[in-house]
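Report on the structure given below.
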Amino acid sequence: MSGWNDLSAASIAPLADSQLQQTVDVLARAFCSNPLNRAVVRSDDPDRCFRSNRHSMRTLLPMARLHGQVLVATLDGKVAGGLVASPPGHFPLPPPPLVDGLHCLLRQGWQVARRWELVFETFEALHPGEPHWYLGILGVVPSARRRGVGAALLSHWLAAADRDGMLAYLETDSEGNLRFYERAGFSLEGETTVLGVRTWRMKRAPAGRRRNY
Ligand SMILES: CC(C)(COP(=O)(O)OP(=O)(O)OC[C@H]1O[C@@H](n2cnc3c(N)ncnc32)[C@H](O)[C@@H]1OP(=O)(O)O)[C@@H](O)C(=O)NCCC(=O)NCCS
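Using this note's numbering, read the sequence shown as starting at 1 and increasing by one per residue.
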């Protein structure tokens with residue numbers, strides 16, 4: 001993909017059973033400093049955020065693997081990042097089995113779960129009308145950032161969207177991420193404030209339908 005620093009030594013592959021726990025931890029950790037995550041958990045304590053996020057990831061990843069796509073990046077044999085996406089027609093993911101959903105709710109707390117629900121409902125209402133691939137999660141563990149791991153995951157996923165000739169779509173709560181996504185061909189679609197946090201929606205036409213950036 002043009003414009004990327006392609007130095008990453010990360011290997012990208014679909015999530016394997018043996019990587020589930022590591023991937024839960026990596027993704028739970030990756031978002032602890034993100035403004036929306038902090039607004040939902042209502043805490044500046046990264047460990048509290050991490051523990052809360054683990055419950056979400058443990059519930060989400062098995063469902064995402066069954067009904068969507070979960071990619072994992074490994075560096076030196078360790079999970080360094082992950083990506084969760086929904087193919088066209090598979091968003092939103094079906095709810096988790098009742099027991100898993102209740103377990104998550106009890107561990108995370110009703111208020112946190114309610115705020116996540118509000119975030120998801122707000123974003124869901126703003127999805128594009130046309131069929132699209134949706135990037136639900138992209139996270140790299142802080143110690144492995146700026147080494148091209150995120151770009152490698154994104155590029156792997158976008159290759160599928162390009163093969164299908166499909167639009168790709170995402171939201172982000174960090175202004176600093178806009179440049180990262182613009183380099184992959186995304187452009188700004190709109191801005192929404194949720195729980196007092198500014199978020200941006202971005203979309204990317206498939207390679208054949210895109211101007212050169
Ligand atoms: C956003 C995120 C996934 C990026 O992951 P990453 O592995 O750091 O991404 P990359 O290394 O591929 O690229 C990040 C930047 O590092 C630069 N970079 C890549 N390899 C580099 C290297 N070897 N040396 C220096 N810089 C490098 C890239 O050019 C890019 O610069 P840009 O921001 O100006 O575009 C990561 O920061 C993250 O997990 N953030 C928290 C969660 C989040 O916000 N996720 C996105 C949700 S939508």
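We treat Cβ as the ideally placed atom computed from N, Cα and C, and that holds for glycine.
Does the beta-carbon of residue i, which I'm using as the reference point, lie nearer than 7 Å to any heavy atom of ligand 1?
{"i": "residue 151", "result": "yes"}
{"i": "residue 9", "result": "no"}
{"i": "residue 201", "result": "no"}
{"i": "residue 53", "result": "no"}
{"i": "residue 56", "result": "no"}
{"i": "residue 30", "result": "yes"}
{"i": "residue 190", "result": "no"}
Can you give me the start and stop residues for the beta strand (DSSP E) that residue i sits inside?
{"i": "residue 132", "result": "132-140"}
{"i": "residue 201", "result": "197-204"}
Do residue j and residue i count as a contact pair if the criterion is CB distance below 8 Å?
{"i": "residue 83", "j": "residue 153", "result": "yes"}
{"i": "residue 157", "j": "residue 178", "result": "no"}
{"i": "residue 81", "j": "residue 140", "result": "yes"}
{"i": "residue 54", "j": "residue 24", "result": "yes"}
{"i": "residue 195", "j": "residue 36", "result": "yes"}
{"i": "residue 13", "j": "residue 72", "result": "yes"}
{"i": "residue 75", "j": "residue 149", "result": "yes"}
Kindly give me the distance between the Cβ atoms of residue i and residue j, rounded to whole angstroms, as I take these residues to be in contact under 8 Å.
{"i": "residue 214", "j": "residue 134", "result": "Summary: the structure shown does not reach residue 214, with the chain confined to residues 1 through 213, and so no result is reported for it."}
{"i": "residue 68", "j": "residue 86", "result": "4 Å"}
{"i": "residue 38", "j": "residue 47", "result": "In fact, because the Cβ distance is near 13 Å, the residues do not count as touching under 8 Å."}
{"i": "residue 210", "j": "residue 185", "result": "6 Å"}
Any heavy atom of ligand 2 closer than 7 Å to the Cβ of residue i?
{"i": "residue 161", "result": "No copy of ligand 2 appears in this structure; the ligands present are ligand 1."}
Note to self: Report the start-end ranges of each alpha helix (DSSP H) in the stretch 58-113 that is 4 residues or longer and not cut off at the edges.
What the structure shows: 98-108
Note to self: Could you tell me which whole alpha helix (DSSP H) segments of length 4 or greater appear in the stretch 30-55?
What the structure shows: 35-41
Notebook entry, point to check: Which runs of the beta strand (DSSP E) fall wholly inside the stretch 149-185 and span at least 3 residues, in chain order?
Noted result: 167-172
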